[in-house]
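Engineer: Numbering (numbering that gives the first Met the number 0), first residue to last: 0 to 851.
Idealized CB from N, CA, C, for every residue including glycine.
Computed from a predicted structure; not experimentally measured.
Sharing a structure with you now.
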Amino acid sequence: MTSVTSPSPQIAPAAPVNHEQEAPRQDAPDKPSHAQTEAATRKPDEWLEELPEVEPKIALAVRGGPRHVEPNLPIKPAGFDVTDYLRLGPSGIREKTGVPEFGDSLISRQVDKQKAKQEGIDYQDGDTVGTIAAQQFGKVIEVDIKDGRLAADSDEAKAKKLMDAQAALDSGYDLYGYAETINMGSGTYRETSDKPTKLTGQDVKEIVDKDAVADQLSKLMAKPHIAERYRREMAFAAEKLLPDSDINGIRDKVNSALFNKDGSANTRFEENVIAQTEKANQGSPDREQLASIDAEVSNYFDALRVLRPDDYAQRRQAFNQNLSTYQLNKNIANPSGAPQDVQAMALRDTISIVKGGINGALGAMDKSDKLYDNYKKLGDQLGALSTTPMTVDDRIAIRQAISDAAESRDVNKIDELTDKALKNVSGDREKTAGTVKKMLHGASSTGTLGAMSGMMGFLSGAMQIKNAGWSEMTSDQRVAAARDLVGGLSMGTDFARFGSNIIEQVSKVAGEGGVPKVKATEWLGLMDDNFSDIWGKSSSKGAAQKVNAAIADRVNAGAVELEALGPDGQRLNGAELDNYNAAAQQVGEAMGARGKPNSAVAAGRSFLRFTFGAGLDAAGGVMDIVTGVAALKRANTALEKAGAGIQIAGGSATAGMAVTSTLNMLAPKAATLAGNYAANTASQVIRGLAIGSRVLGPALGVVGAAAGFAGMLIAEAINHAKKQKLTDSQGQFFKDLAGMNATQSDWGDKLEYARYASYMYGGRDSASDESIYAYQADEWKHFQETESKRGSALARLAPYLHRDGDPESKNLWEKHLAGNTTRNGPPGTSVYTDDWRPWSSTDMTAGAPARR
């Protein structure tokens, strides 16, 4: 993998600045030197005399917060340079950033036995924070339902049932078999097994939809009131039950790694994550190391949520924002490295929006303005270029010609550079090259060449963050989406640190030899009151001002058109749109857009679009961590995938929360700042469920007992009436899951077969490595195709089609055939043993051997 380095600023030859050395941690950078200030007064080349002078303000990120440098200093901010880190190994990177290794996750730490007993916890060896939290979470919900504080159909009750269902999927289910035996006269009598039959997880998967359980549980656990319930249980288990050395050590690591002493974000944490990720991606990606990096990020933020809940959302948003900025910054540093279709689209969009803006402004221009003719010609030339037949390769070559001409800053080299870049274009090469040359000369004469180059790099960089959904947008909408993302990111305290290339690409902060691109900043509307002031303020006048305003109007109009589209590109309306906008506003405010008119919603919408939309499976790099794709990649089960909290590729992957569902949960009821915060809570719960056999076993009343509320009834099941209540409660458990769309479509027949078969044959009687429905395929097929008779499903069983599941012992059918289920009674009578079953009510003909 090619490493990317932000170019070191070259302020003046007489006063070189060395940014290779690690900057000392201080409150603010030193004041600019006299040579730096003097360099600011230098005039640009003659051909750039038409460009307006702009006074940029650069918000330099320091650990204590932003500091504004006085205007007129052409300083490129000292951005984060990953190159030095890449010379080190993982341990060297960690040492340099000062971020300690987290170690085992909070939820996997074993609690102290004595502390657990002092708190009245039913402790078992090996119990962890996660197992205790999940156990207490379920118990408290059951008590609250029993005492009437929660309704039986509340979200909490549903979550508890789904937790039980997940436990059954993982560890099996103790099912009480029964059969409705047919009375001599009319009616039936339910005969129930004295002991339960343990169905395996494979059996349960045939009844319960594991993906639906994961999805529903993830959604419910992400709801703020449920998430907070679980967080409190986690906090109790961590702070009250962990050994003092463990909890104090975790608290110290979280505080020092994520925050500075003054409470501000310690961006060394982000630097560590970025450097470790880039290091792991060098050459052939180290998948194990990438998974380890993502897991450590999760461990840190999971612990932060539990120990400092009030600080979690804002710090996580800053982390996501900084990593997103870095990825965009990296993309922009190497425009030619963008995928071919992205480069071609960036050129097409730039031509379209600049041409449209010029044509829209010409009517309002003063024709006596010396730039009027130049702009008119440029508009015509862009129009001619837009109608020239081009392949994707042709567009890439033209993009390169524009970039080369802008970087050269020499109008006399335009023709030479164009011929070089376009030497292999298809069709009439001379005609195409001539059209491009005219356009480039026109752009240079209006001072817009650098701006066009800047906008192309800007767009191609942004469109790499999310590699899907762009084709459905118009050119104006794509530009607006990218603008709103960058505008929102620029509000973060650390934007200049992680986004130095972005600032350089579209502003007049280009260092010696660079090209002022401030017009691109004006075109994008980044100088208005909606965005940060790091871009400077426009002093354009006359024709230039009108063109800039017209292009900005098109971008703003494109942004308005996007308002009704969700992150996945689907049109929203009504309450769904209201919820989405409310959530987007919260995200935008978290990005730093408080007090900026109209910007919070726009910034939030764009951030959600880029980080939650389709195509995230192709994101790669640090964006895998931001979007949750890394967690999805290392997930093994449907529940772990749901815990990743995202849905990728338009729903083609079995993941948890769809974007719209996330946002509906988030707003307006929730105070959570962004959709993935809710998802992270679900993920935390899920990892708690996945650790330790106790959580997936008796603690949730599944293995060794019946699931859910049936577990409270088992101890009472000592007579027929109570057994019927027990079996009814088990049936109700599955009915409730069906009501939540968490069962297979034929769950009723499968549950019925499992009940009847386990009662009649005396247990599961199938191979342990197959489900009963696969192993008993012939009898199960007969059961599906046969109707019940007189209120009983006994006729649906066909014992001659039944396969022996254990050759070492006899099932009850085999005992029947051997005459072992009756014994002689008084003369002329026989007595049924406990192993007797009403086989005469089953289908004794299907599969029966032919009589001789």
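Report the residue from Asp748, Lys809, Ala756 and Arg802 whose alpha carbon sits nearest the alpha carbon of Glu786.
Structural biologist: The residue labelled residue 786 in the question sits at position 787 within the sequence shown. Cα-wise, what sits closest to Glu786 is Asp748.
Engineer: So, under 8 Å CB-CB, Ile413 and His440 are touching, yes? Tell me the CB distance rounded to an integer number of Å.
Structural biologist: Taking the first residue of the sequence shown as 1, we reach residue 413 at position 414. Taking the first residue of the sequence shown as 1, we reach residue 440 at position 441. Rounded, the Cβ-Cβ distance is 6 Å, consistent with contact.
Engineer: At the level of alpha carbons, what is the spacing between Asp764 and Ile771?
Structural biologist: What you label residue 764 is simply residue 765 of the sequence shown in a count that begins at 1. What you label residue 771 is simply residue 772 of the sequence shown in a count that begins at 1. Between Asp764 and Ile771, the C-alpha separation is close to 8 Å.
Engineer: Run through DSSP, which three-state label would Thr191 get?
Structural biologist: The residue given as residue 191 occupies position 192 in the sequence shown. Strand.
Engineer: Please classify Thr832 as buried or exposed, where buried requires at least 16 neighbouring CB atoms within 10 angstroms.
Structural biologist: Sequence index remark: in the sequence shown, residue 832 carries index 833 (1-based). Classification of Thr832: exposed, given that the 10 Å Cβ count is below 16.
Engineer: Assuming Met590 and Met490 are in contact, meaning their beta carbons sit under 8 Å apart, how far apart are those beta carbons, in whole angstroms?
Structural biologist: Start at 1 with the first residue of the sequence shown, and residue 590 comes out as number 591. Start at 1 with the first residue of the sequence shown, and residue 490 comes out as number 491. Between Met490 and Met590 the Cβ distance is about 5 Å, and since that is below 8 Å, they are a contact.
Engineer: Contact check, Leu421 vs Ser407 under 8 Å by CB: the rounded distance?
Structural biologist: Translated into positions along the sequence shown, residue 421 becomes position 422. Translated into positions along the sequence shown, residue 407 becomes position 408. With 8 Å as the limit, Leu421 and Ser407 do not qualify as a contact, their Cβ atoms being about 15 Å apart.
Engineer: Can you tell me where the alpha helix (DSSP H) with Glu784 in it begins and where it stops?
Structural biologist: Against the sequence shown, residue 784 aligns to sequence position 785. It spans Ala776 to Glu784 - the alpha helix (DSSP H) in which Glu784 sits, taken as one unbroken run.
Engineer: CB-CB under 6 Å to Thr390, same chain, minus the five flanking residues each way: which ones, in chain order?
Structural biologist: One-based indexing of the sequence shown puts residue 390 at position 391. Excluding sequence neighbours, Thr390 sits near Ser425.
Engineer: How big is the Cα-Cα spacing for Asn321 and Ala753?
Structural biologist: Indexing the sequence shown from 1 puts residue 321 at position 322. Indexing the sequence shown from 1 puts residue 753 at position 754. Cα-Cα distance, rounded: 54 Å.
Engineer: What are the boundary residues of the alpha helix (DSSP H) that Gln496 is part of?
Structural biologist: Taking the sequence shown and counting its residues from 1, the one referred to as residue 496 is at position 497. In the sequence as displayed, the identity of residue 496 is Arg instead of Gln. That run of the alpha helix (DSSP H) goes Phe494 to Phe497.
Engineer: Using the C-alpha atoms, what's the distance from Val296 back to Arg230?
Structural biologist: The count along the sequence shown starts at 1 and reaches residue 230 at position 231. The count along the sequence shown starts at 1 and reaches residue 296 at position 297. Answer to the nearest angstrom: the Cα atoms are 18 Å apart.
Engineer: Span of the beta strand (DSSP E) holding Arg822?
Structural biologist: Taking the first residue of the sequence shown as position 1, residue 822 is located at position 823. Thr821 to Asn823 is the extent of the beta strand (DSSP E) around Arg822.
Engineer: Looking only at C-alpha atoms, which of Gly487, Lys112, Ala226 and Arg570 sits nearest to Val586?
Structural biologist: The residue labelled residue 586 in the question sits at position 587 within the sequence shown. When only C-alpha atoms are compared, the closest one is Gly487.
Engineer: How long is the line joining the alpha carbons of Gln201 and Leu168, rounded to whole angstroms?
Structural biologist: Locating residue 201 in the sequence shown gives position 202, where the first residue counts as 1. Locating residue 168 in the sequence shown gives position 169, where the first residue counts as 1. If you take the alpha carbons of Gln201 and Leu168, they lie about 7 Å apart.
Engineer: Out of Val546, Lys545, Val478 and Ser452, which one is the CA nearest neighbour of Glu503?
Structural biologist: Start at 1 with the first residue of the sequence shown, and residue 503 comes out as number 504. Taking only the C-alpha atoms, the option nearest Glu503 is Ser452.
Engineer: Along the chain, where does the alpha helix (DSSP H) containing Ser767 start, and where does it finish?
Structural biologist: Position 768 of the sequence shown, counted from the start, is the residue given in the question as residue 767. Here Ser767 belongs to no alpha helix (DSSP H), and DSSP marks it neither H nor E.
Engineer: Bridge partners for Thr742 per DSSP, in chain order?
Structural biologist: The sequence position of residue 742 within the sequence shown is 743, counting from 1. Looking at the DSSP assignment, Thr742 forms a beta bridge with Val207.
Engineer: At 4 residues or longer, and completely inside the region 570-601: list those alpha helix (DSSP H) runs for me, N to C.
Structural biologist: Segments of the alpha helix (DSSP H) lying fully in the region 570-601: 573-587.
Engineer: Hey, is Asn373's beta-carbon within less than 8 Å of any beta-carbon in chain D?
Structural biologist: Any reference to chain D falls outside this structure, which holds one protein chain only.
Engineer: Could you tell me the distance, in whole angstroms, from the CA atom of Asp245 to the CA atom of Asn265?
Structural biologist: Mapped onto the sequence shown, residue 245 falls at position 246. Mapped onto the sequence shown, residue 265 falls at position 266. Near 23 Å, if we compare the C-alpha coordinates of Asn265 and Asp245.
Engineer: Alpha carbons only, please: which of Gln342, Asp368, Leu381 and Lys376 is nearest the one belonging to Lys354?
Structural biologist: Position 355 of the sequence shown, counted from the first residue, corresponds to residue 354. When only C-alpha atoms are compared, the closest one is Leu381.
Engineer: So Arg802 and Gln783 are supposed to be a Cβ contact under 8 Å. How far apart are they, rounded?
Structural biologist: Translated into the one-based positions of the sequence shown, residue 802 becomes position 803. Translated into the one-based positions of the sequence shown, residue 783 becomes position 784. Rounded, the Cβ-Cβ distance is 16 Å, inconsistent with contact.
Engineer: Could you give the C-beta distance for Gly336 and Val546, rounded to a whole number, given that I count them as a contact under 8 Å?
Structural biologist: In the sequence shown, the residue the question calls residue 336 occupies position 337. In the sequence shown, the residue the question calls residue 546 occupies position 547. Between Val546 and Gly336 the Cβ distance is about 31 Å, and since that is not below 8 Å, they are no contact.
Engineer: Can you tell me which residues form a DSSP beta bridge with Gln123?
Structural biologist: In the sequence shown, counting from the first residue as 1, residue 123 sits at position 124. Beta-bridge pairing links Gln123 to no other residue.
Engineer: Pick helix, strand or coil for Glu179, following the three-state DSSP scheme.
Structural biologist: Here the question's residue 179 lines up with position 180 in the sequence shown. Shown here, Glu179 sits in a strand according to DSSP, grouped into three states.
Engineer: By Cβ distance, which residues of its chain are closer than 6 Å to Thr96, with the 5 residues on each side in sequence left out?
Structural biologist: The residue given as residue 96 occupies position 97 in the sequence shown. Around Thr96: Arg267, Glu270 and Asn271.
Engineer: Would DSSP call Ala264 helix, strand or coil?
Structural biologist: The residue you call residue 264 lines up with position 265 of the sequence shown. Of the three classes helix, strand and coil, the one that applies to Ala264 here is strand, per DSSP.
Engineer: Taking the alpha carbon of Thr492 as the point to measure from, which residue in Phe318, Gly524, Ala383 and Arg428 has its own alpha carbon closest?
Structural biologist: Within the sequence shown, the letter at position 493 stands for residue 492. Measuring from the Cα of Thr492, the nearest candidate turns out to be Phe318.
Engineer: Which runs of the alpha helix (DSSP H) spanning at least 4 residues fall entirely within the region 238-316, listed in chain order?
Structural biologist: 243-257, 267-279 and 286-306
Engineer: Look at Tyr760 and Trp812 and say whether their C-beta atoms are less than 8 Å apart.
Structural biologist: For this step, residue 760 is matched to residue 761 along the sequence shown. For this step, residue 812 is matched to residue 813 along the sequence shown. Contact: yes.
Engineer: State buried or exposed for Leu816, treating a residue as buried only when at least 16 other CB atoms are found within 10 Å of its CB.
Structural biologist: Your numbering for residue 816 matches position 817 in the sequence shown. Exposed.
Engineer: Which same chain residues end up closer than 6 Å to Tyr84 when comparing Cβ atoms and leaving out the 5 residues on each side of it in sequence?
Structural biologist: On the sequence shown, residue 84 is found 85 positions in, with the first residue counted as 1. Here Tyr84 has Ile92 and Ala274 as same chain residues with Cβ atoms under 6 Å from its own Cβ, once five neighbours each way along the sequence are excluded.
Engineer: Going by beta carbon distance, what residues of the same chain come within less than 7 Å of Ala592, once the five residues before and after it are set aside?
Structural biologist: On the sequence shown, residue 592 is found 593 positions in, with the first residue counted as 1. Here the set comprises Gly487, Met490, Ser598, Ala599 and Ala602.
Engineer: Which of helix, strand or coil does DSSP assign to Pro103?
Structural biologist: Sequence index remark: in the sequence shown, residue 103 carries index 104 (1-based). It should be pointed out that residue 103 corresponds to Asp in this sequence rather than to Pro. The answer is coil: DSSP assigns Asp103 none of H, G, I, E or B.
Engineer: Can you name, in chain order, every residue of its own chain whose Cβ lies under 8 Å from the Cβ of Asn823, other than the five neighbours on each side?
Structural biologist: Taking the first residue of the sequence shown as position 1, residue 823 is located at position 824. Counting only Cβ-Cβ distances below 8 Å, and skipping sequence neighbours, we find Ser829 and Val830.
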